[in-house]
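Going letter by letter, the sequence shown gives residues -13 to 157 in this note's numbering. Every residue gets a Cβ at the ideal spot worked out from N, C-alpha and C, and that includes glycine.
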Amino acid sequence: MNYMYHVKYWAVNMLCSALLLFILDGIGFGETLNREDKIDAQALWTYITVGNPYQNYPTWPGKEGFYESTMPPGNILKLYINDLALDTVMNKKGVFPEGALLIKENYTDDKKIFLITVMYKKKGFNPAGHDWYWVKYKPDGEVRLEGKVDACINCHVGVAGNDYVFTGSIK
Ligand code: HEC
-13 MNYMYHVKYW AVNMLCSALL LFILDGIGFG ETLNREDKID AQALWTYITV
37 GNPYQNYPTW PGKEGFYEST MPPGNILKLY INDLALDTVM NKKGVFPEGA
87 LLIKENYTDD KKIFLITVMY KKKGFNPAGH DWYWVKYKPD GEVRLEGKVD
137 ACINCHVGVA GNDYVFTGSI K
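Laid out in structure tokens, this is it:
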């Protein structure tokens, strides 16, 4: 094999890697809001479990590891937030930006995960509800509720002044 062959081979390889990255980035996250202002809950699941696994995200400051819910029946929780959301919490920005993700795991008393609830901020999705997209997943990714979920909103609206988030003041 001559030198030119190696150079060409390398160039093709780089091109393919770049293309693959581009495609993966596409399924990553921008493309989930379609023309009807719907977000694809399954694509979001793939993103938070495969594309950018949420278990690697930071936790809400001061809520590292397991802690108990303030709501009856007092489930055990874990709360992961992405870097955008962490920045909002740390720097008391008052409102989460587009792309902020809050992912709450719910466990039974014997620490078996049974539910994952997610808030994802997408500009234009629901201006009346601070543009939060709500999802409830089973641990295997099955979508139980998603979208502008009244059940979620009607309770979280109690903290609308804190951008619909209970866990701590972001102001
Ligand atoms: C009856 C009230 C209530 C309902 C209904 C409710 N939540 Fe919550 N949620 C809370 C409370 C209170 C917390 C703070 C953690 C705790 O103490 O349980 C919370 C925390 C969260 C968090 C972490 C961010 C935060 O606000 O602190 C997410 C994400 C979340 N809920 C998503 C959902 C989704 C999705 C639904 C609907 C499927 C939902 N919630 C329904 C009361 C509620």
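Integer Cβ distance of Phe111 from Tyr123, believed to fall under 8 Å | Numbered from its first residue, the sequence shown carries residue 111 at position 125. Numbered from its first residue, the sequence shown carries residue 123 at position 137. So it is not a contact: roughly 18 Å between Cβ atoms.
Secondary structure at Met105, three-state DSSP: helix, strand or coil?
-> Indexing the sequence shown from 1 puts residue 105 at position 119. Three-state DSSP puts Met105 in a strand.
In three-state DSSP terms, what is Val135?
-> Position 149 of the sequence shown, counted from the start, is the residue given in the question as residue 135. Correct three-state label for Val135: coil.
What's the C-alpha gap between Ile67 and Pro44?
-> Walking along the sequence shown from the start, residue 67 turns up at place 81. Walking along the sequence shown from the start, residue 44 turns up at place 58. Cα to Cα, Ile67 sits roughly 6 Å from Pro44.
Alpha-carbon spacing of Ser155 relative to Ala86, whole angstroms | Taking the first residue of the sequence shown as position 1, residue 155 is located at position 169. Taking the first residue of the sequence shown as position 1, residue 86 is located at position 100. Whole-angstrom Cα-Cα distance: 16 Å.
Hey, out of Phe100, Gly133, Phe82 and Thr103, whose CA is closest to Ala146's CA?
-> Taking the sequence shown and counting its residues from 1, one reaches residue 146 at position 160. For the options Phe100, Gly133, Phe82 and Thr103, the alpha carbon positioned closest to that of Ala146 is the one of Phe82.
Whole-number beta carbon distance between Ala27 and Val129, since they are thought to touch under 8 Å | Position 143 of the sequence shown, counting from 1, holds the residue named residue 129. Position 41 of the sequence shown, counting from 1, holds the residue named residue 27. That pair is a contact at about 4 Å.
With a threshold of 16 other CB atoms inside 10 Å of the CB of Cys138, please say whether the residue is buried or exposed.
-> Start at 1 with the first residue of the sequence shown, and residue 138 comes out as number 152. Classification of Cys138: buried, given that the 10 Å Cβ count is 16 or more.
Which residues bound the alpha helix (DSSP H) around Val75?
-> Counted from its first residue, the sequence shown places residue 75 at position 89. Residues Asp69 to Met76.
Tell me which same chain residues have a C-beta within less than 6 Å of the C-beta of Val135, skipping the five on either side of it?
-> Counting from one through the sequence shown, the residue named residue 135 turns up at place 149. Cβ neighbours of Val135 within its own chain (closer than 6 Å, five residues either side excluded): Trp120.
Over what stretch of residues does the beta strand (DSSP E) that includes Trp118 continue unbroken?
-> Counted from its first residue, the sequence shown places residue 118 at position 132. Residues Trp118 to Tyr123.
So is Gly144 buried or exposed if we call it buried at 16+ other beta carbons inside 10 Å?
-> Here residue 144 corresponds to residue number 158 of the sequence shown, with the count starting at 1. The residue in question, Gly144, is exposed, as its Cβ has fewer than 16 Cβ neighbours within 10 Å.
State yes or no: is the C-beta of Lys49 within less than 8 Å of the C-beta of Lys157?
-> Here the question's residue 49 lines up with position 63 in the sequence shown. Here the question's residue 157 lines up with position 171 in the sequence shown. Contact: no.
Would the beta-carbon of Ser55 be found less than 7 Å away from any heavy atom of ligand 1?
-> Counting from one through the sequence shown, the residue named residue 55 turns up at place 69. The closest heavy atom of ligand 1 lies less than 7 Å from the beta carbon of Ser55.
Leu88 beta carbon less than 8 Å from that of Val36 | By one-based count along the sequence shown, residue 36 stands at place 50. By one-based count along the sequence shown, residue 88 stands at place 102. Cβ atoms of Val36 and Leu88: not closer than 8 Å.
Do Met76 and Pro47 have their C-beta atoms within less than 8 Å of each other?
-> As a working note, residue 76 is residue 90 in the sequence shown. As a working note, residue 47 is residue 61 in the sequence shown. Yes. Within cutoff.
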